[in-house]
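**Q** For the sequence shown, the working numbering assigns the number 536 to the initial residue and increments by one for each residue that follows.
Quick reminder that beta carbons are idealized off the backbone N, C-alpha and C, glycines included.
Keep in mind that this is a model prediction, so the values were computed, not measured.
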Amino acid sequence: MPLWVELLLRVGAVLVAFLTLPLLVGQAEHKIMAHMQGRLGPMYAGAFHGWAQLIADGVKFVQKEEITPDGADRPVFRLAPVVALVPYLLVLLVIPLGPGDLVGQPLDIGLFFVLAVVGVGVVAVLMSAWASANKYSLLGGLRAAAQLLGYELPFVLAAASVAMAAGTLSLPGIVEAWQPWWLIWQAPAMIVFFVAGLAEIRRPPFDMPIADSELVFGYLTEYTGLRFAFFLLAEYVGVVVIAALTTVLFLGGWQGPFADAQLGWLWTLLKVAAVSFVIIWFRVSYPRLRADQLQRLCWLVLVPVSLAQLVLTVSVRIAL
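Right, here's the structure in full:
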């Protein structure tokens, strides 16, 4: 097969996953939240339990008028939703679905690439906050900057722990080096990575930058129509990315209880779905953290735990 054809197939497959998996997560969130809160939710679109409601919402967003505030920095305002989406698309390119060629683009420094690209998300938030010419949006953007810059540290330290344990920065290499007993040994790093990841994508209870009861809708206040839909899509893609990274780094990726490598992709998807369910569960179960609680959790809990985990990892590596 020519190289350019293989490249197009890989990019096309990642693009399909980029457009479908977030929709599945969004639909699952609607239904899971409805059941957990004892309510029906939308039940008519698509007839069977309202399966087409998310599609109907997408059509509604497309039909809505896109409004740009008079005082807004128009180019930056319009570009921000795209900047929010692109980093997650790039991350999905290097996350392995299974052994062998089941990855968009294998990189020897895949983990370094992922951590660098995910951090670009704060740029989109600041762009939308500043360009909106709205005080609520600006306050939401400043909250997001403080939150994301703080939680970036434990996020990176927890990922560095498992990379050090595996002895490689390659995501497929980390999965191949993973052993079941790592579920105990690397458990603190996994918890830190997961919690910091939720803060990185601004999911409840880490949604202080939006805080609809305080800031209208934070940095998204002035967005309507398709641009607003892009930000919502970025949130759900972020859920998929954090779930996939947690799966690859800490849950063994495609490794399952059976030795059949042909089903590796299925184990990966099942683990991603399970972690996504936990993310939705967190949204339903916990109230929004105050700004002081959020920063205290980061600097007094997550950072010390991640540093202690690094020391433990170094000690075990030297001992082995």
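Give the secondary structure of residue 762 by DSSP, where H, G and I count as helix, E and B as strand, and everything else as coil.
**A** Here residue 762 sits in helix by DSSP.
**Q** State the start and end residues of the unbroken alpha helix (DSSP H) segment that holds residue 665.
**A** Per DSSP, residue 665 belongs to the alpha helix (DSSP H) from 656-666.
**Q** Closer than 8 angstroms is the cut-off here; do at least three beta carbon pairs connect the region 725-740 with the region 691-699?
**A** They touch, by the three-pair rule.
**Q** Please classify residue 749 as buried or exposed, where buried requires at least 16 neighbouring CB atoms within 10 angstroms.
**A** Classification for residue 749: exposed.
**Q** Any chance you could list the alpha helix (DSSP H) runs of at least 4 consecutive residues sitting entirely within the region 698-744, in chain order?
**A** Whole alpha helix (DSSP H) segments, 4+ residues: 706-712, 717-720 and 722-735.
**Q** Closest to residue 631 by C-alpha separation, out of 809, 823, 803 and 822, would be which residue?
**A** Residue 803 is the option with its Cα nearest to residue 631.
**Q** Alpha carbon to alpha carbon, what distance is there between residue 790 and residue 714?
**A** Rounded to whole angstroms, residue 714 to residue 790 spans 9 angstroms at the Cα level.
**Q** For the 8 angstroms Cβ check, are there 3 or more pairs between the region 770-785 and the region 702-714?
**A** Touching, yes, given that three or more Cβ pairs across the two stretches are closer than 8 angstroms.
**Q** Please determine, among 548, 580 and 825, the residue with the shortest C-alpha to C-alpha distance to residue 628.
**A** Minimum Cα distance to residue 628 is reached at 548.
**Q** Can the beta-carbon of residue 568 be found less than 8 angstroms from the beta-carbon of residue 853?
**A** Not a contact, by the Cβ cut-off of 8 angstroms.
**Q** What does a CB cutoff of less than 6 angstroms around residue 655 pick up in its chain, not counting 5 residues either side in sequence?
**A** Excluding positions up to five away in sequence, the list reads 622.
**Q** Do you know offhand how far residue 641's Cα is from residue 572's?
**A** Using only the alpha carbons, I get a separation of about 42 angstroms.
**Q** Considering only residues of the same chain and omitting the five flanking positions on each side of residue 650, which have a CB-CB separation below 8 angstroms?
**A** Once the five neighbours on either side are set aside, the close Cβ partners of residue 650 are 690, 691 and 694.
**Q** Hey, is residue 688's beta-carbon within less than 8 angstroms of any beta-carbon in chain B?
**A** Given the protein chain composition of this structure (a single chain), no chain B is represented.
**Q** Is the CB-CB distance between residue 759 and residue 599 below 8 angstroms?
**A** Cβ atoms of residue 759 and residue 599: closer than 8 angstroms.
**Q** So which of 838, 735, 634 and 846 has the shortest CA-CA distance to residue 711?
**A** Comparing Cα positions, the closest option is 634.
**Q** Where residue 672 and residue 752 are concerned, what is the direct C-alpha to C-alpha distance, given to the nearest angstrom?
**A** Near 8 angstroms, if we compare the C-alpha coordinates of residue 752 and residue 672.
**Q** Using only the alpha-carbon positions, how far apart do residue 769 and residue 660 sit?
**A** Roughly 11 angstroms separates the two Cα atoms.
**Q** Pull up the CB-CB distance for residue 740 and residue 812, whole angstroms please, since I reckon it's below 8 angstroms.
**A** That belief does not hold up - the Cβ atoms of residue 740 and residue 812 are roughly 16 angstroms apart, past 8 angstroms.
**Q** Taking only three categories from DSSP, how would you classify residue 607?
**A** Coil, per DSSP.
**Q** Just verifying my parser: in three-state terms, what is the DSSP assignment at residue 588?
**A** Residue 588 falls in the helix class under three-state DSSP.
**Q** So residue 674 and residue 657 are in contact, right, with Cβ under 8 angstroms, and what is the actual spacing, rounded?
**A** The Cβ separation is near 15 angstroms, so there is no contact.
**Q** Under 6 angstroms Cβ to Cβ from residue 577, same chain only, skipping five residues before and after it: list those, please.
**A** Hits under 6 angstroms: 585 and 588.
**Q** Please return the same chain residues whose Cβ sits closer than 8 angstroms to the Cβ of residue 777, not counting the five positions on each side in sequence.
**A** Within the same chain, residue 777 has close Cβ partners 729, 732, 733, 735, 736, 810 and 814.
**Q** CB-CB under 8 angstroms to residue 700, same chain, minus the five flanking residues each way: which ones, in chain order?
**A** The residues are 712, 717, 720, 721, 848, 851 and 852.
**Q** In terms of alpha-carbon separation, which member of 619, 765 and 667 lies closest to residue 593?
**A** For the residues 619, 765 and 667, the minimum Cα distance to residue 593 belongs to 765.
**Q** Could you tell me which of 846, 822 and 558 sits nearest to residue 591, measuring between CA atoms?
**A** Checked all of 846, 822 and 558; the closest Cα to residue 591 is 558.
**Q** In three-state DSSP terms, what is residue 621?
**A** Looking at residue 621 - three-state DSSP - the assignment turns out to be helix.
**Q** Determine, using beta carbons only, whether residue 560 and residue 775 come nearer to each other than 8 angstroms.
**A** Yes; because the gap between Cβ atoms is below 8 angstroms, this pair is in contact.
**Q** Please list, in chain order, all residues of the same chain as residue 738 whose beta carbon is under 8 angstroms from its beta carbon, the five residues on each side excluded.
**A** If we look at residue 738 and ignore the five residues flanking it on each side, its Cβ neighbours are 770, 773, 774, 814, 817 and 818.
**Q** Go through its chain and collect everything with a Cβ distance to residue 643's Cβ below 7 angstroms, but skip five positions before and after it.
**A** If we look at residue 643 and ignore the five residues flanking it on each side, its Cβ neighbours are 704 and 705.
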